[in-house]
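Take a look at the structure set out below.
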Amino acid sequence: MSAIDVLVPANAVCHLHAVVADRLRENGHDVALVGVDTPAISPALKNILCFERTVLRVRLNSLLETLPAPVLSPARPDAALRVDLTGGGQQFVSPVLAPSFNGCPSLSKAARLLMLGQLPDVDIVLDGAKPVAHAAPMVDSRISIVRGIEDVLARMVTLLVDTAHRYLNGEPGGRVSVGPPSEGDCPTSCQMIGAYVFSVVPRQVAGAAKRLAYNLHRWNVSYRFHRGKRVADTGLLAGEPWITLPDDGNRFYADPFPFEWQGRRFIFVEDFLHGGDKAVISVAEVFGDGSATVPRCVLEEPYHLSYPQVFSHDGEIWMLPEGGAGGNLVLYRAEAFPDRWERHEVLISEWELYDATVLEHSDRLWLFATQRDGYGSASDTLVVFHAKSLQGPWLPHPANPVRINRAAARPGGRFVRVGDRIVLPLQDGTGEYGGALGLADLVELDETKVRLTIPVPILSPDKSTYSKVHTLNSSEHLEVIDCISPVLRGGLRRARR
131 MSAIDVLVPA NAVCHLHAVV ADRLRENGHD VALVGVDTPA ISPALKNILC FERTVLRVRL
191 NSLLETLPAP VLSPARPDAA LRVDLTGGGQ QFVSPVLAPS FNGCPSLSKA ARLLMLGQLP
251 DVDIVLDGAK PVAHAAPMVD SRISIVRGIE DVLARMVTLL VDTAHRYLNG EPGGRVSVGP
311 PSEGDCPTSC QMIGAYVFSV VPRQVAGAAK RLAYNLHRWN VSYRFHRGKR VADTGLLAGE
371 PWITLPDDGN RFYADPFPFE WQGRRFIFVE DFLHGGDKAV ISVAEVFGDG SATVPRCVLE
431 EPYHLSYPQV FSHDGEIWML PEGGAGGNLV LYRAEAFPDR WERHEVLISE WELYDATVLE
491 HSDRLWLFAT QRDGYGSASD TLVVFHAKSL QGPWLPHPAN PVRINRAAAR PGGRFVRVGD
551 RIVLPLQDGT GEYGGALGLA DLVELDETKV RLTIPVPILS PDKSTYSKVH TLNSSEHLEV
611 IDCISPVLRG GLRRARR
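Mapping the sequence shown onto our numbering, position 369 (from 1) lands on 499, and the numbers just tick up by one.
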């Protein structure tokens with residue numbers, strides 16, 4: 131058991147600090163919160179966050195909530211490690227790990243980047259000089275600083291706790307930033323306020339107008355007969371024409387997975403009814419002339435379901451849908467394909483996993499997914515599990531989290547074999563959630579190592595139609611994608627006739 135002092139502002143201890151301490155304790159360390167006489171976050175940032183919570187009624191900001199009666203301890207000279215969360219860039223007795231936001235120890239730097247419409251990165255710095263780990267957090271909301279800061283801090287916690295644990299165990303870091311150092315100047319109060327007034331507020335107004343006029347969170351599923359030339363082979367969406375799977379206007383379809391059975395072709399989709407709070411899994415059959423049946427519901431749970439990965443294994447047909455909101459990864463078996471499915475087994479319990487994707491490789495089964503560890507986005511933290519059989523037990527990979535990267539972590543479809551290569555579609559949330567998809571090669575995978583290349587973006591010849599693809603899958607004859615497809619809201623459509 132190693133002693134860790136977590137250094138925090140004595141008069142501004144918040145939930146963030148307690149979460150870091152608790153997670154380090156869960157890893158078996160002796161952790162103390164040590165108060166330091168240093169300012170908390172800047173008054174300008176504090177006022178901006180307060181404005182959003184009270185005036186704009188943004189209710190999410192749990193990591194920065196002040197703890198009413200924190201228990202603080204004196205510093206321990208014999209501590210094996212100090213974790214500096216004061217944000218002041220002070221000097222403490224080595225060794226010290228501290229977060230840095232684009233080269234600046236202050237959270238204000240991350241906040242100002244968010245205000246300017248940019249995305250902050252996080253480094254963990256050893257003794258004020260050497261970055262030993264790096265993360266590129268996904269930010270789900272680009273117009274709320276409260277929500278954006280929460281996403282950045284959540285992944286800072288994930289990275290910091292993992293780095294501290296590995297450092298004390300003598301393990302090498304594997305998430306080091308590449309390239310020149312980021313600009314490290316911390317913003318002034320005037321710069322913060324100016325960025326909010328002249329950048330955030332106009333985007334908030336424009337966003338509200340867009341949401342009023344358009345249904346922005348809407349997807350279309352398209353399919354085609356690929357005739358042996360798939361997107362994974364070419365990196366292009368060009369080729370055979372795509373056919374849109376029609377919806378009734380009251381719902382959208384997304385996350386398509388094709389599956390062929392007894393000479394018939396099916397597409398399983400997420401089926402989301404507008405105005406609802408969760409999706410179900412539906413299936414459509416595609417005929418030889420390209421027509422398709424209306425998707426019908428085949429699986430529903432009390433929580434949201436999506437990413438209906440259907441596959442065959444050991445003579446059975448299985449479905450492993452995304453149900454992260456339920457807190458477990460559940461495997462279903464087809465009782466009467468394609469319409470009736472039974473809940474077969476919980477493969478991984480008490481992990482909030484998203485878009486878990488199965489691979490059979492080197493006499494083992496592997497699962498690649500993103501994890502949301504209680505806070506932040508579900509689209510940036512790649513984790514891997516492995517097992518000798520589908521029923522498990524499934525073991526977390528020692529390299530977890532494999533990467534924290536908004537552009538290269540969340541799966542966007544099945545693994546596909548291209549010659550001798552194993553390729554995984556990965557979502558790129560740099561522009562927005564679901565904004566792009568890339569293809570990454572799996573170049574190393576065993577019980578100690580995971581290595582994927584940086585994804586190569588899929589290119590579209592028709593930017594207006596297929597510019598924002600977020601799922602890619604194929605079967606023997608079919609290939610499917612989905613893409614963002616905003617539509618005018620019903621009342622405005624009627625007004626324009």
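Glycine included, each C-beta is placed from N, C-alpha and C at the ideal position. Given the structure is predicted, the values throughout are model-derived calculations rather than measurements.
Are T583 and V599 touching if we call contact CB-CB under 8 Å?
-> No, they are not a contact pair.
Leaving out the 5 sequence neighbours to the left and right, which residues in its chain are closer than 8 Å to L146 when beta-carbon positions are compared?
-> Excluding positions up to five away in sequence, the list reads L193, L194, L215, L283, V287.
In angstroms, rounded to a whole number, what distance separates the CA positions of L342 and P616?
-> If you take the alpha carbons of L342 and P616, they lie about 12 Å apart.
Between the region 393-402 and the region 602-613, are three or more C-beta pairs nearer than 8 Å?
-> With the rule of 3 Cβ pairs closer than 8 Å, the region 393-402 counts as touching the region 602-613.
Is there contact between the region 431-445 and the region 396-410, where contact requires at least three CB pairs shorter than 8 Å?
-> Segments in contact, yes.
State the Cα-Cα distance for the pair Y484 and L290, rounded to the nearest angstrom.
-> Roughly 22 Å between the two C-alpha positions.
List the endpoints of the continuous alpha helix (DSSP H) containing L146.
-> According to the DSSP assignment, L146 belongs to the alpha helix (DSSP H) that extends over 145-156.
Under the three-state reduction of DSSP, which class applies to G559: helix, strand or coil?
-> It is coil, neither helix nor strand.
Expected contact under 8 Å - CB spacing of S436 and E400 to nearest Å | The Cβ separation is near 4 Å, so the contact holds.
For H491, is the classification buried or exposed, using 16 other Cβ atoms within 10 angstroms of its Cβ as the cut-off for buried?
-> If you draw a 10 Å sphere on the C-beta of H491, you find fewer than 16 other C-beta atoms in it, and that means exposed.
Fully enclosed by the region 254-282, which beta strand (DSSP E) runs are 3 residues long or longer?
-> Within the region 254-282, the complete beta strand (DSSP E) runs of at least 3 residues are 260-265.
Is A151 near the ligand NAP, judged by its Cβ being under 7 Å from some heavy atom?
-> What this structure holds is no ligand at all, so the ligand NAP is not there to describe.
Could you check if D167 is buried or exposed, using at least 16 other CB atoms within 10 Å of its CB as the buried criterion?
-> Result: exposed.
Any Cβ of chain D within less than 8 Å of the Cβ of L483?
-> The chain inventory of the structure shown lacks chain D, comprising one protein chain alone.
Going by DSSP, name the residue or residues bridged to M449.
-> In DSSP, M449 forms a bridge with V440, Y462.
Close beta carbons around F441, own chain, < 7 Å, minus the five adjacent residues each side | Once the five neighbours on either side are set aside, the close Cβ partners of F441 are W448, V488.
Please list, in chain order, all residues of the same chain as T374 whose beta carbon is under 8 Å from its beta carbon, the five residues on each side excluded.
-> Excluding residues within five positions, the ones whose Cβ falls inside 8 Å are N350, V351, S352.
Segment contact, 8 Å Cβ cut-off, at least three pairs: the region 139-156 with the region 168-178 | Between the region 139-156 and the region 168-178 there are three or more inter-stretch CB-CB distances shorter than 8 Å, so the stretches are counted as touching.
Pull up the distance between the alpha-carbon of E482 and that of Y505, whole angstroms please.
-> If you draw a straight line from the Cα of E482 to the Cα of Y505, it comes to about 10 Å.
Residues near S319 by beta carbon distance below 8 Å, same chain, minus five either side = If the five residues before and after S319 are omitted, its C-beta is found closer than 8 Å to the C-beta atoms of S172, P173, A174, all from its own chain and listed in chain order.
Go through its chain and collect everything with a Cβ distance to E452's Cβ below 6 Å, but skip five positions before and after it.
-> Within the same chain, S436, Y437, Y484, D485 come within 6 Å of E452 by CB-CB distance, once the 5 residues on both sides are set aside.
Rounded straight-line distance, which links the Cα of G568 to that of Q557 = Spanning the two alpha carbons is a distance of roughly 6 Å.
Look at L179 and V276 and say whether their C-beta atoms are less than 8 Å apart.
-> Contact annotation: L179 and V276 have beta-carbon atoms nearer than 8 Å.
With DSSP run on the structure shown, which of helix, strand or coil describes F181?
-> In this structure, DSSP gives F181 a helical state, which the three-state scheme calls helix.
Kindly list the residues whose CB is nearer than 8 Å to the CB of E446, restricted to its own chain and excluding five residues on each side of it in sequence; keep chain order.
-> Answer for E446: R463, A464, listed in chain order.
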